[in-house]
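Enquirer: Quick note on numbering: the working numbering labels position 158 of the sequence shown as 399, and the sequence is numbered without any gaps.
C-beta: ideal position from N, C-alpha, C; glycine also.
Keep in mind that this is a model prediction, so the values were computed, not measured.
Handing you a structure now.
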Amino acid sequence: MKSIITISREFGSGGREIGRTLARDLDIPFYDKELLEIASKESGICEELFVKNDESYTNSFLFSLVMGNYPVAADGRINPDLPLNHKIFLAQFDTIKKLAEQGPCVIVGRCADYVLKNFPNVVNFFLTGNMPEKKRRILKRYDIEKNKAEDFIRKTDKRRASYYNYYTDLKWGNASNYDLCINTSKTGIDGAVQLMKDYIDIKEGYKAE
């Protein structure tokens with residue numbers, strides 16, 4: 242298995258569980274919120290600030306990172322004069338690239354598909370789901386009132402979409418951006434994982450021919 246796998250996901254579609262299961266089955270590293278901890282340690286920036294800014298946009302800085310024109314100090318390090326939120330995005334961006342350079346892994350969210358668009362052997366998945374199933378999953382995981390679950394899901398997806406759309410030149414959830422889109426309400430967790438493994442096998446086999 243040579244692929245670096247990114248998973249974009251609607252809130253409540255099971256992205257974290259599916260990503261963790263896929264990584265376990267393939268015996269490769271898994272990164273979701275773990276990525277924030279790594280970026281914090283490498284950058285020296287408080288992890289709470291990464292959590293606070295997680296997949297929430299404030300400006301178009303990530304786009305400039307991908308284009309390679311972000312400002313750095315003379316010694317190549319992050320410019321100390323950058324605003325804090327810019328430093329956070331740059332640290333996360335660099336962490337995603339470093340993790341991918343280490344070999345096959347599964348990365349959930351955080352524009353990883355866009356950050357790694359020029360990397361070979363990247364497979365990008367998007368997970369969606371029907372509202373009833375997403376609500377049931379969210380109500381099991383979060384302590385919120387049942388009548389507020391749907392609004393919570395829609396607002397979270399809107400935040401993720403705004404983050405992705407603003408920091409990249411792509412549209413979040415647009416099928417053409419991904420290798421495969423899966424409705425987890427139709428497949429279940431195990432079915433989605435199996436589909437992803439099958440697709441990875443097909444793609445890697447096709448490239449090897």
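Output the residue ranges of the alpha helix (DSSP H) runs that lie fully inside the stretch 358-412 and measure 4 residues or longer, sorted by chain position.
Expert: Taken in chain order, the whole alpha helix (DSSP H) runs of length 4 or more contained in the stretch 358-412 are 372-382, 390-408.
Enquirer: Take the Cβ of residue 251 as the centre, count every other Cβ of all protein chains shown within 10 Å, and call the residue buried at 16 or more, exposed below.
Expert: Your numbering for residue 251 matches position 10 in the sequence shown. By the neighbour-count rule (16 or more Cβ atoms within 10 Å), residue 251 is buried.
Enquirer: Check the C-beta distance from residue 249 over to residue 344 and give it rounded, since I have them as a contact under 8 Å.
Expert: Locating residue 249 in the sequence shown gives position 8, where the first residue counts as 1. Locating residue 344 in the sequence shown gives position 103, where the first residue counts as 1. Going by Cβ atoms, the distance from residue 249 to residue 344 rounds to 21 Å, so no, they are not a contact pair.
Enquirer: Can you check whether the CB of residue 352 is closer than 8 Å to the CB of residue 407?
Expert: As a working note, residue 407 is residue 166 in the sequence shown. As a working note, residue 352 is residue 111 in the sequence shown. Going by C-beta atoms, residue 407 is not nearer than 8 Å to residue 352.
Enquirer: To which residues of the same chain is residue 347 closer than 6 Å at the C-beta, ignoring the five residues directly before and after it?
Expert: Against the sequence shown, residue 347 aligns to sequence position 106. Result list for residue 347: 246, 260, 263, 264, 271, in chain order.
Enquirer: Leaving out five residues before and five after residue 269 in sequence, what residues of the same chain have Cβ atoms less than 6 Å from its Cβ?
Expert: Here residue 269 is taken as the residue at index 28 of the sequence shown, counted from 1. Answer for residue 269: 345, 346, listed in chain order.
Enquirer: Do you know offhand how far residue 434's Cα is from residue 426's?
Expert: Within the sequence shown, residue 434 is the residue found at index 193, counting from 1. Within the sequence shown, residue 426 is the residue found at index 185, counting from 1. When rounded, the distance between both Cα atoms is 13 Å.
Enquirer: Identify the residues that DSSP records as bridge partners of residue 271: which are they?
Expert: For the purposes of this step, residue 271 is taken as residue 30 along the sequence shown, with counting starting at 1. DSSP output for residue 271 lists 347 as bridge partner(s).
Enquirer: For the structure I just gave you, are there three or more beta carbon pairs, one from the stretch 410-427 and one from the stretch 368-381, closer than 8 Å?
Expert: yes
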